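Undergrad: Chains A and B, in that order, are what the protein sequence lines are. The numbering used here puts the first residue of the first sequence at 70, with every later residue one more than the last. The numbering used here puts the first residue of the second sequence at 70, with every later residue one more than the last. Glycine included, C-beta positions come from ideal geometry on N, C-alpha and C. Small disclaimer: the values here were computed from a predicted structure and weren't measured. Take this structure first; my questions come after.
Protein chains: 2
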Amino acid sequence: MSLVVVGSVAFDDVETRYGRRNPVLGGSAAYFSVVASNFTAVNMVAVVGDDFPDEHVDFFKSRSIDIRGLERKPGKTFFWSGKYADDFSTRTTLATHLNVFADFDPVLPESYRSPDFLFLANIHPALQLKVLNMVEGKPFVAGDTMNLWIDAEPVLLKELISRVDLLTINDEEVRLLTGEFNLIKAGRMIQEMGPKYLILKKGEHGALLFLEDSLFFTPAIPLEGFVDPTGAGDSFAGGFMGHLARKGTVDAQTLKEAMFYGAVVASFTVEDYSLERHRTVDYAQIEERFQQLVDFTTL
Amino acid sequence: MSLVVVGSVAFDDVETRYGRRNPVLGGSAAYFSVVASNFTAVNMVAVVGDDFPDEHVDFFKSRSIDIRGLERKPGKTFFWSGKYADDFSTRTTLATHLNVFADFDPVLPESYRSPDFLFLANIHPALQLKVLNMVEGKPFVAGDTMNLWIDAEPVLLKELISRVDLLTINDEEVRLLTGEFNLIKAGRMIQEMGPKYLILKKGEHGALLFLEDSLFFTPAIPLEGFVDPTGAGDSFAGGFMGHLARKGTVDAQTLKEAMFYGAVVASFTVEDYSLERHRTVDYAQIEERFQQLVDFTTL
Numbered sequence: 070m071s072l073v074v075v076g077s078v079a080f081d082d083v084e085t086r087y088g089r090r091n092p093v094l095g096g097s098a099a100y101f102s103v104v105a106s107n108f109t110a111v112n113m114v115a116v117v118g119d120d121f122p123d124e125h126v127d128f129f130k131s132r133s134i135d136i137r138g139l140e141r142k143p144g145k146t147f148f149w150s151g152k153y154a155d156d157f158s159t160r161t162t163l164a165t166h167l168n169v170f171a172d173f174d175p176v177l178p179e180s181y182r183s184p185d186f187l188f189l190a191n192i193h194p195a196l197q198l199k200v201l202n203m204v205e206g207k208p209f210v211a212g213d214t215m216n217l218w219i220d221a222e223p224v225l226l227k228e229l230i231s232r233v234d235l236l237t238i239n240d241e242e243v244r245l246l247t248g249e250f251n252l253i254k255a256g257r258m259i260q261e262m263g264p265k266y267l268i269l270k271k272g273e274h275g276a277l278l279f280l281e282d283s284l285f286f287t288p289a290i291p292l293e294g295f296v297d298p299t300g301a302g303d304s305f306a307g308g309f310m311g312h313l314a315r316k317g318t319v320d321a322q323t324l325k326e327a328m329f330y331g332a333v334v335a336s337f338t339v340e341d342y343s344l345e346r347h348r349t350v351d352y353a354q355i356e357e358r359f360q361q362l363v364d365f366t367t368l
Numbered sequence: 070m071s072l073v074v075v076g077s078v079a080f081d082d083v084e085t086r087y088g089r090r091n092p093v094l095g096g097s098a099a100y101f102s103v104v105a106s107n108f109t110a111v112n113m114v115a116v117v118g119d120d121f122p123d124e125h126v127d128f129f130k131s132r133s134i135d136i137r138g139l140e141r142k143p144g145k146t147f148f149w150s151g152k153y154a155d156d157f158s159t160r161t162t163l164a165t166h167l168n169v170f171a172d173f174d175p176v177l178p179e180s181y182r183s184p185d186f187l188f189l190a191n192i193h194p195a196l197q198l199k200v201l202n203m204v205e206g207k208p209f210v211a212g213d214t215m216n217l218w219i220d221a222e223p224v225l226l227k228e229l230i231s232r233v234d235l236l237t238i239n240d241e242e243v244r245l246l247t248g249e250f251n252l253i254k255a256g257r258m259i260q261e262m263g264p265k266y267l268i269l270k271k272g273e274h275g276a277l278l279f280l281e282d283s284l285f286f287t288p289a290i291p292l293e294g295f296v297d298p299t300g301a302g303d304s305f306a307g308g309f310m311g312h313l314a315r316k317g318t319v320d321a322q323t324l325k326e327a328m329f330y331g332a333v334v335a336s337f338t339v340e341d342y343s344l345e346r347h348r349t350v351d352y353a354q355i356e357e358r359f360q361q362l363v364d365f366t367t368l
């Protein structure tokens with residue numbers, strides 16, 4: 070089944086208690102695509118500047134990622150710089166240079182127009198809606214968002230939410246969006262706004278899937294080698310959507326498995342900066358860690 | 070199998086975003102005993118003042134709790150007052166009046182001296198050690214502690230840790246005690262200090278069991294009716310030790326089940342103030358919620 074992602078490709082400058090890396094490959098579409106490509110072919114829609122090196126493009130190509138939707142424009146690539154608190158409870162953005170991303174106007178290549186699965190990574194909800202309007206057929210659509218859009222574009226965001234099948238959102242954002250402190254009540258309120266499913270992301274504390282009338286949980290996999298959480302959420306989404314697209318079904322059992330695959334691939338991402346860890350992970354290691362997660366949570 | 074707990078019985082004055090209750094029954098031994106009594110008979114060692122009402126004593130008696138070890142002394146019962154931040158991330162202690170607990174000198178009644186299972190709730194490590202020295206035979210011993218003793222009594226605490234089979238400790242405390250930020254490494258460091266097993270408590274984010282060469286996790290059960298986390302840790306311990314004592318074995322499978330029972334009974338505790346919720350919970354409801362937890366975590 071075909072899978073399309075629309076999001077960002079960026080250069081990141083990241084500092085955690087374990088060190089700093091700059092500049093490294095980042096961006097939601099980069100994390101999503103590289104990770105999802107462990108499960109299925111991925112069609113990427115994003116924009117980079119003329120400073121984006123061929124080596125990164127070659128990395129994408131080497132992973133069965135279709136980059137016909139990766140536009141290259143004159144100017145610089147999106148740049149983000151951030152620093153995590155020593156306990157990782159907060160992240161401070163030091164710089165955001167949108168550069169060519171400021172005028173990002175996603176266009177789906179003809180060959181991407183009828184996807185079976187579509188992930189709208191965290192970009193302006195007007196662009197997410199534009200992509201939705203461009204799509205033909207009835208794909209399974211998952212969308213991500215952030216506090217910025219909840220504050221700045223509540224009307225557009227609510228329209229977007231009403232049109233996705235699944236929303237991914239973190240605990241802070243779901244409280245902001247609904248005004249409800251209790252996460253279960255807040256999640257159910259989001260489902261009443263449209264999405265059949267919701268993934269409530271809690272970072273190192275795991276992720277909660279709201280199904281129609283039940284809940285399913287995956288913890289984050291405990292790691293001795295944790296160094297940088299950047300990209301964990303988009304990696305989770307990549308594993309989650311990659312597994313759905315591979316299976317070609319969206320039933321409760323497949324969604325639960327997808328949660329575990331999401332946690333597994335995110336656990337590799339956070340073991341190194343950027344996407345470095347994924348250069349050496351093979352599929353057998355993904356299955357091995359999947360089994361570890363099963364043992365970690367199953368009586 | 071016989072189960073003994075040594076800890077506090079107290080009056081609490083608790084305020085959360087959902088309201089305030091004062092004075093209510095509290096204390097580690099109270100939570101532990103009432104909860105564990107769902108699984109097995111419990112022998113309680115604690116001290117109260119002459120202001121402690123018969124109604125609470127009758128409540129203990131009604132739950133197959135042996136109170137021959139509940140000493141009543143002239144003076145007032147231990148009093149604690151605290152307020153939780155709106156997001157429950159922190160708890161501020163407003164008052165601690167030790168009262169008769171200041172001179173607590175636990176003595177095990179003759180009939181308690183050879184327990185099969187012993188829980189040393191969070192009291193001064195010198196008293197925990199005193200109890201350990203009083204015990205005959207080779208019980209399975211679990212101990213709890215807190216940051217106060219890590220700072221104030223590091224030598225005694227380390228002796229205590231070297232002598233328990235299982236330590237329960239939260240994420241902040243394990244970092245303080247070991248100087249290691251990574252929780253998995255920190256947990257393994259504690260195991261090298263003596264305990265074969267460790268339960269790392271993460272409050273609303275669940276609890277992690279360190280077995281000899283693997284890890285097992287239980288999330289907290291998601292609740293729409295959460296109101297007050299006071300006593301959740303001691304309730305967890307009560308469910309955990311209660312199940313072990315009921316089964317009479319300490320193998321990996323039983324320990325994993327005990328983690329789930331701990332999460333189940335703690336989830337009832339936090340649905341009301343004090344031990345109120347447990348006045349109406351019957352064992353069938355415990356099994357029903359246990360099955361919910363299995364469904365919540367199992368593919």
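Could you tell me whether the segment 334 to 347 of chain A touches the segment 326 to 343 of chain B, where touching means 3 or more Cβ pairs closer than 8 Å?
TA: Segments in contact, no.
Undergrad: Could you have a look at threonine 323 (chain A) and say whether DSSP puts it in helix, strand or coil?
TA: Position 254 of the first sequence, counted from the first residue, corresponds to residue 323 (chain A). Helix, per DSSP.
Undergrad: Any Cβ of chain B within less than 9 Å of the Cβ of glutamine 260 (chain A)?
TA: Mapped onto the first sequence, residue 260 (chain A) falls at position 191. Chain B, which has no Cβ nearer than 9 Å to the Cβ of glutamine 260 (chain A), makes this no.
Undergrad: Compare the C-beta of glutamate 326 (chain A) with all C-beta atoms of chain B and state if any pair is closer than 9 Å.
TA: In the first sequence, counting from the first residue as 1, residue 326 (chain A) sits at position 257. Yes, because at least one Cβ of chain B sits closer than 9 Å to the Cβ of glutamate 326 (chain A).
Undergrad: Looking only at C-alpha atoms, which of B:Ala276, B:Arg315 and B:Gly272 sits nearest to phenylalanine 295 (chain B)?
TA: Residue 295 (chain B) sits at position 226 when you count from the first residue of the second sequence. When each option's Cα is compared against that of phenylalanine 295 (chain B), the closest is B:Gly272.
Undergrad: Please return the same chain residues whose Cβ sits closer than 7 Å to the Cβ of proline 175 (chain A), not counting the five positions on each side in sequence.
TA: As a first step, residue 175 (chain A) must be located in the first sequence, where it is residue number 106. Excluding residues within five positions, the ones whose Cβ falls inside 7 Å are Val75, Val114, Leu196, Lys199 and Val200.
Undergrad: Please check if any C-beta of chain B sits within less than 9 Å of the C-beta of arginine 86 (chain A).
TA: What you label residue 86 (chain A) is simply residue 17 of the first sequence in a count that begins at 1. So yes, arginine 86 (chain A) belongs to the interface.
Undergrad: Look at the alpha carbon of lysine 142 (chain B) and the alpha carbon of alanine 171 (chain B), and state the distance between them as a whole number of angstroms.
TA: In the second sequence, residue 142 (chain B) corresponds to position 73, counting from 1. In the second sequence, residue 171 (chain B) corresponds to position 102, counting from 1. So the two alpha carbons sit approximately 11 Å from each other.
Undergrad: Taking only the alpha-carbon atoms, compute the straight-line gap between phenylalanine 209 (chain B) and glycine 317 (chain B) and give it to the nearest angstrom.
TA: In the second sequence, the residue the question calls residue 209 (chain B) occupies position 140. In the second sequence, the residue the question calls residue 317 (chain B) occupies position 248. Spanning the two alpha carbons is a distance of roughly 10 Å.
Undergrad: Would you call the CB atoms of phenylalanine 309 (chain A) and alanine 211 (chain A) closer than 9 Å?
TA: The residue given as residue 309 (chain A) occupies position 240 in the first sequence. The residue given as residue 211 (chain A) occupies position 142 in the first sequence. Yes, Cβ-Cβ distance for phenylalanine 309 (chain A) and alanine 211 (chain A) is below 9 Å.
Undergrad: Only counting the same chain, and skipping five residues up and downstream in sequence, which positions put a Cβ closer than 6 Å to that of glycine 307 (chain B)?
TA: Looking up residue 307 (chain B) in the second sequence gives position 238. Contacts found: Phe101, Val104 and Ala105.
Undergrad: According to DSSP, which residues form a beta bridge with methionine 113 (chain B)?
TA: Your numbering for residue 113 (chain B) matches position 44 in the second sequence. Paired residues: B:Val74.
Undergrad: Quick one: Cα of valine 243 (chain B) to Cα of leucine 226 (chain A), how far?
TA: As a first step, residue 243 (chain B) is located in the second sequence; it is residue number 174 there, counting from the start. As a first step, residue 226 (chain A) is located in the first sequence; it is residue number 157 there, counting from the start. The straight-line gap from Cα to Cα measures roughly 42 Å.
Undergrad: How about serine 336 (chain B): is its C-beta nearer than 9 Å to some C-beta of chain A?
TA: Start at 1 with the first residue of the second sequence, and residue 336 (chain B) comes out as number 267. Cβ-Cβ to chain A under 9 Å: no for serine 336 (chain B).
Undergrad: At a CB distance below 8 Å, what residues from the segment 335 to 363 of chain B approach chain A? Give them in sequence order.
TA: Here the close residues are Val363.
Undergrad: Taking the beta strand (DSSP E) that leucine 277 (chain B) belongs to, which residues open and close that run?
TA: Your numbering for residue 277 (chain B) matches position 208 in the second sequence. Its beta strand (DSSP E) spans residues 276 to 279.
Undergrad: Hey, could you find the ends of the beta strand (DSSP E) glutamate 84 (chain A) is sitting in?
TA: As a first step, residue 84 (chain A) is located in the first sequence; it is residue number 15 there, counting from the start. Glutamate 84 (chain A) -> beta strand (DSSP E) spans 79 to 85.
Undergrad: List, in chain order, every chain A residue whose beta-carbon is nearer than 8 Å to that of leucine 277 (chain B).
TA: In the second sequence, counting from the first residue as 1, residue 277 (chain B) sits at position 208. What leucine 277 (chain B) touches in chain A: Pro291.
Undergrad: Please give the ranges of any beta strand (DSSP E) in the segment 200 to 230 of chain B, keeping only runs that are unbroken, at least 3 residues long and fully inside the region.
TA: If we require 3 residues or more, the beta strand (DSSP E) runs fully inside the segment 200 to 230 of chain B come out as 209 to 213.
Undergrad: Can you have a look at proline 122 (chain B) and say buried or exposed, based on whether 16 or more other CB atoms are within 10 angstroms of its CB?
TA: Here residue 122 (chain B) refers to the residue found at position 53 of the second sequence. Answer is exposed; the Cβ neighbour count stays below 16.
Undergrad: Can you list, in chain order, the stretches of the beta strand (DSSP E) that have 3 or more residues and sit fully within the segment 249 to 337 of chain B?
TA: You should have 266 to 270, 276 to 279 and 284 to 287.
Undergrad: Using a Cβ cut-off of 9 Å (strictly closer), state whether asparagine 251 (chain A) contacts chain B.
TA: Taking the first sequence and counting its residues from 1, one reaches residue 251 (chain A) at position 182. Chain B, which has a Cβ nearer than 9 Å to the Cβ of asparagine 251 (chain A), makes this yes.
Undergrad: Taking any Cβ of chain B, which residues in the segment 205 to 237 of chain A have a Cβ under 8 Å from it, in chain order?
TA: Under the 8 Å Cβ criterion, the segment 205 to 237 of chain A contributes no residue.
Undergrad: Could you spell out where the alpha helix (DSSP H) holding lysine 130 (chain B) opens and where it closes?
TA: For this step, residue 130 (chain B) is matched to residue 61 along the second sequence. Note, lysine 130 (chain B): alpha helix (DSSP H), 123 to 130.
Undergrad: Please report the Cβ distance between serine 71 (chain A) and aspartate 185 (chain A), rounded to the nearest whole angstrom; I am assuming they are in contact, meaning their Cβ atoms lie under 8 Å.
TA: Numbered from its first residue, the first sequence carries residue 71 (chain A) at position 2. Numbered from its first residue, the first sequence carries residue 185 (chain A) at position 116. Serine 71 (chain A) to aspartate 185 (chain A), Cβ: 5 Å. Contact.
Undergrad: Cutting at 6 Å between CB atoms, please list the residues of its own chain near leucine 187 (chain B), excluding the five before and the five after it.
TA: Along the second sequence, one-based indexing puts residue 187 (chain B) at 118. Val73, Pro208 and Val210, listed in sequence order.
Undergrad: Please confirm if the segment 259 to 273 of chain B is in contact with the segment 148 to 155 of chain B, defined as three or more CB-CB distances below 8 Å between the two stretches.
TA: They do not touch, by the three-pair rule.
Undergrad: Does any residue of chain B bring its CB to less than 9 Å from the CB of threonine 367 (chain A)?
TA: To locate residue 367 (chain A), count along the first sequence from 1; it is residue 298. Answer yes: the Cβ-Cβ gap between threonine 367 (chain A) and chain B drops below 9 Å somewhere.
Undergrad: Which whole-angstrom value describes the C-beta separation of valine 78 (chain A) and alanine 98 (chain A), a residue pair presumed to lie in contact below a C-beta threshold of 8 Å?
TA: As a first step, residue 78 (chain A) must be located in the first sequence, where it is residue number 9. As a first step, residue 98 (chain A) must be located in the first sequence, where it is residue number 29. 5 Å between Cβ atoms; contact.
Undergrad: Under a three-way DSSP split, which group does tyrosine 342 (chain A) fall into?
TA: For the purposes of this step, residue 342 (chain A) is taken as the residue at position 273 of the first sequence. Here tyrosine 342 (chain A) sits in coil by DSSP.
Undergrad: Identify every run of the beta strand (DSSP E) within the segment 148 to 192 of chain B, keeping only runs that are complete inside it and at least 3 residues long; order them along the chain.
TA: Entirely contained in the segment 148 to 192 of chain B, the beta strand (DSSP E) runs reaching 3 residues are, in chain order, 148 to 153, 160 to 166 and 186 to 189.
Undergrad: Closer than 9 Å, CB to CB, is aspartate 155 (chain A) near chain B or not?
TA: Within the first sequence, the letter at position 86 stands for residue 155 (chain A). Output row for aspartate 155 (chain A): interface = yes.
Undergrad: Go ahead and pull the three-state DSSP assignment for proline 143 (chain B).
TA: What you label residue 143 (chain B) is simply residue 74 of the second sequence in a count that begins at 1. The answer is coil: DSSP assigns proline 143 (chain B) none of H, G, I, E or B.
Undergrad: Look up leucine 236 (chain A) in the DSSP assignment and say whether it is helix, strand or coil.
TA: Position 167 of the first sequence holds residue 236 (chain A). Looking at leucine 236 (chain A) - three-state DSSP - the assignment turns out to be strand.
Undergrad: So what's aspartate 364 (chain B) in DSSP terms, helix, strand or just coil?
TA: For the purposes of this step, residue 364 (chain B) is taken as the residue at position 295 of the second sequence. Reduced to three states, the DSSP call for aspartate 364 (chain B) is helix.
Undergrad: Tell me the DSSP secondary structure of valine 93 (chain B) in three-state form.
TA: As a first step, residue 93 (chain B) must be located in the second sequence, where it is residue number 24. DSSP places valine 93 (chain B) in strand when its eight states are reduced to three.
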